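Taking our numbering, I'd label the letters of the sequence shown as residues 236 to 660.
Ideal Cβ placement from N, Cα and C applies to all residues, glycine included.
Computed from a predicted model, the values in this text were never measured in an experiment.
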Amino acid sequence: MSILLKNSTYINWDTLEFYQTNIIVNDGINGTIRFINDLKELDRYIDYQTIDCKGKLVTKSFAVGHHHAYSAMARGMPAPKKQPDNFSEILQYVWWTLDKCLDKETIELSALVTAMACAKAGSTFVIDHHASPNFIKGSLEIMARAFEKVGINHLLCYEITDRDGMDKALDGLKETENYLQNHQGLVGLHASFTVGEKTLKNAVDMMNRYNSGIHVHVAEDLYDQEHCNSTYKKRVIQRFFDAGLLNSAKTILVHCLHLDDKERDLISNSPCWIAQNAESNMNNNVGFFNGKGLGENIMIGTDGMHSDLLQSAKAAFFVGQRFDNIDYPSAYRRFRNVHRYLRNNGFKGDGDNNLVVIDYNTATEINKDNFFGHFIFGLNSNHIQHVISSGRLIVHNQTLINVNENEILAHSRKQAKRLWELMVR
236 MSILLKNSTY INWDTLEFYQ TNIIVNDGIN GTIRFINDLK ELDRYIDYQT IDCKGKLVTK
296 SFAVGHHHAY SAMARGMPAP KKQPDNFSEI LQYVWWTLDK CLDKETIELS ALVTAMACAK
356 AGSTFVIDHH ASPNFIKGSL EIMARAFEKV GINHLLCYEI TDRDGMDKAL DGLKETENYL
416 QNHQGLVGLH ASFTVGEKTL KNAVDMMNRY NSGIHVHVAE DLYDQEHCNS TYKKRVIQRF
476 FDAGLLNSAK TILVHCLHLD DKERDLISNS PCWIAQNAES NMNNNVGFFN GKGLGENIMI
536 GTDGMHSDLL QSAKAAFFVG QRFDNIDYPS AYRRFRNVHR YLRNNGFKGD GDNNLVVIDY
596 NTATEINKDN FFGHFIFGLN SNHIQHVISS GRLIVHNQTL INVNENEILA HSRKQAKRLW
656 ELMVR
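Dropping the structure here:
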């Protein structure tokens, strides 16, 4: 059923123009919206699902540029067997321990609770990077169904890596190919230091075969560069450039912290995109992102820390005051760049009929001229009242429509305990 948003203050996400209008939201993937200012014409839509938005702001919903739904059950888990001393040990004793323990049920629940959190925080599209080395086959399909159950559109990939042996690397390639035959998606790689030459070539060949892109971590820690230099006698971006990985406008380079000027030039002169993740970088103590010389193709992810893109955008802005060339307009542009990435590459699920209704009863006026100040210092996910995904209401009065949130969270808590027990064995 189509939706009528009455008495709306609509904000064009791109131009930040404000309009007082009524909005018809049409159902369907990449659907449209239509503005109605003639009150007499509204009588034609009395059978539509109607939401009175008087005093509310309506704008395009959000999209997460890089996520790890598989980490959803990590919050509050017991300390690892060994206290990590560096980033390599964080991976070994935390994340690679967790992902090896995932099975069908915990993969599905991780995707469900991530999708629920994204929806309530205003995101209707998620670009996710998945890993479950002991349950690879069919894992992406499980995640896709879970996201869709909540009402979240997606662009998924499996994290192909040699770190668990060549058999698992081949399984990751097979899972990716099987998925790409029926879904939009990307070819996932972990990082240069766990991907050998054969696997890299196979992944790039698949990228070209399916007209896709590579989704890969890049120079998150200095060790990635050190390993690449010692093993391949070149830096990470040069290695990826030589392999053809940077040729696709669908490629996403995640983190990009430890780059030299030549690497920045290679990236800025390529069509690929960068996903920055300020909070996880600080949490892992690996460094700080700096967009200098990288061009405009920078978007924001949450990196599995949480599912609140507004929070991640604020973190990028605040930490960037010391380490980055970021200001109010560029912070907002990075926040919204994921829409440009999806649109320019022809991905479905992020059309105009993806909207949020924001209950932001501010103490000061909000308009086009001062919007950035409200974006950084005022708006947060608690203000998200309704969320519309592909023309369908998925959050109404801050309550999920398509799933029973309390029931799923209760089940997730039980399964999280089981997961944690497997991790400490």
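Residues bridged to residue i [DSSP beta-bridge criterion]
{"i": "F360", "result": "A298 and N388"}
{"i": "G420", "result": "L391"}
{"i": "H490", "result": "V453"}
{"i": "L240", "result": "I258 and I286"}
{"i": "H646", "result": "Bridge partners of H646: none, in fact."}
{"i": "I619", "result": "I593"}
{"i": "V439", "result": "BP columns for V439 are empty, so no partner."}
{"i": "H541", "result": "None, per the DSSP bridge assignment."}
{"i": "F270", "result": "I258"}
{"i": "I509", "result": "L488 and I533"}
{"i": "H631", "result": "T634"}
{"i": "L375", "result": "Per DSSP, none; premise fails for L375."}
{"i": "A426", "result": "H452"}
{"i": "L292", "result": "T244 and I593"}
{"i": "S624", "result": "R627"}
{"i": "L253", "result": "Contrary to the premise, residue 253 reads as Phe rather than Leu in this sequence. Answer is I246."}
Own chain residues within Cβ distance below 7 Å of residue i, not counting five before or after
{"i": "A551", "result": "Q511, A513, I535, I561, A566 and R569"}
{"i": "C288", "result": "L240, K241, N242, S243 and V592"}
{"i": "T634", "result": "none"}
{"i": "A381", "result": "E343, A346, L347 and A350"}
{"i": "I325", "result": "P319 and N519"}
{"i": "H618", "result": "I593, D594 and Y595"}
Among the options, the one whose alpha carbon lies nearest that of residue i
{"i": "S427", "options": "T466, S447, H418 and N257", "result": "T466"}
{"i": "D538", "options": "K289, D363 and I623", "result": "D363"}
{"i": "L480", "options": "D496, D456 and R444", "result": "R444"}
{"i": "H302", "options": "A346, I325 and L326", "result": "A346"}
{"i": "N516", "options": "E498, V489, R578 and I259", "result": "V489"}
{"i": "R575", "options": "I509, K355, G431 and H621", "result": "I509"}
{"i": "V573", "options": "F610, D559 and N532", "result": "N532"}
{"i": "G420", "options": "H365, T396 and K384", "result": "H365"}
{"i": "R650", "options": "E340, I271 and I238", "result": "Sequence inspection shows Gln at residue 650; the Arg mentioned does not correspond to that position. The option with the nearest alpha carbon to Q650 is E340."}
{"i": "F553", "options": "H541, F524, G581 and L577", "result": "F524"}
{"i": "Q620", "options": "A548, K355, T597 and I387", "result": "K355"}
{"i": "L657", "options": "L644, W331, Y563 and K468", "result": "W331"}
{"i": "H418", "options": "G608, I377, F270 and L405", "result": "I377"}
{"i": "G373", "options": "L277, G407, K603 and R398", "result": "G407"}
{"i": "A379", "options": "H646, G581, F360 and N641", "result": "F360"}
{"i": "N251", "options": "N602, I286 and L375", "result": "A small correction: the amino acid at residue 251 is Leu; Asn does not occupy that position in the sequence shown. Checked all of N602, I286 and L375; the closest Cα to L251 is N602."}
{"i": "N641", "options": "V299, A352, E461 and K317", "result": "A352"}
{"i": "W655", "options": "M236, H609, I286 and D334", "result": "D334"}
{"i": "D273", "options": "T256, T285, Q284 and I286", "result": "T256"}
{"i": "A309", "options": "R660, I643, M540 and D559", "result": "M540"}
The ligand FMN heavy atom lying under 7 Å from the CB of residue i
{"i": "N560", "result": "The ligand FMN is absent from the structure shown, which contains no ligands of any kind."}
Cut-off 6 Å between Cβ atoms - residues of its own chain near residue i, not counting five sequence neighbours on either side
{"i": "F297", "result": "G357, S358 and L544"}
{"i": "T411", "result": "Y393 and V422"}
{"i": "N579", "result": "none"}
{"i": "A307", "result": "S345, V348 and T349"}
{"i": "D456", "result": "F322 and V521"}
{"i": "K497", "result": "none"}
{"i": "Y254", "result": "Y245"}
{"i": "S647", "result": "L344 and V348"}
8 Å CB neighbourhood of residue i in its chain, flanking five on each side removed
{"i": "V459", "result": "Position check: residue 459 holds Asp in this sequence, whereas Val was assumed. The answer, listed in chain order, is A426, S427, F428, H452, V453, V471 and H493."}
{"i": "V293", "result": "L240, S243, T244, Y245, I246, I258, L590, V591, V592 and I593"}
{"i": "W248", "result": "T294, K295, R571 and H574"}
8 Å Cβ cutoff met for residue i and residue j
{"i": "S483", "j": "G448", "result": "yes"}
{"i": "Y305", "j": "S367", "result": "yes"}
{"i": "N265", "j": "K485", "result": "no"}
{"i": "V282", "j": "R627", "result": "Val is not the amino acid found at residue 282; the sequence shown has Asp there. Taking 8 Å as the Cβ cut-off, D282 and R627 do not qualify as a contacting pair."}
{"i": "V329", "j": "P313", "result": "no"}
{"i": "D585", "j": "I268", "result": "no"}
{"i": "G530", "j": "I487", "result": "no"}
{"i": "I611", "j": "K549", "result": "yes"}
{"i": "I387", "j": "S547", "result": "no"}
{"i": "R557", "j": "G528", "result": "no"}
{"i": "D397", "j": "V439", "result": "no"}
{"i": "V385", "j": "N637", "result": "yes"}
{"i": "R474", "j": "C463", "result": "yes"}
{"i": "L391", "j": "L375", "result": "yes"}
*What are the complete beta strand (DSSP E) segments, minimum 3 residues, inside the segment 552 to 611?*
590 to 593
_Quick check on the DSSP output: what are the complete alpha helix (DSSP H) runs of length 4 or more inside the segment 512 to 537, in order along the chain?_
513 to 519
*Only counting runs of 4 or more residues, tell me where the alpha helix (DSSP H) segments fall wholly within the segment 311 to 370, in order along the chain.*
322 to 325, 331 to 335 and 339 to 355
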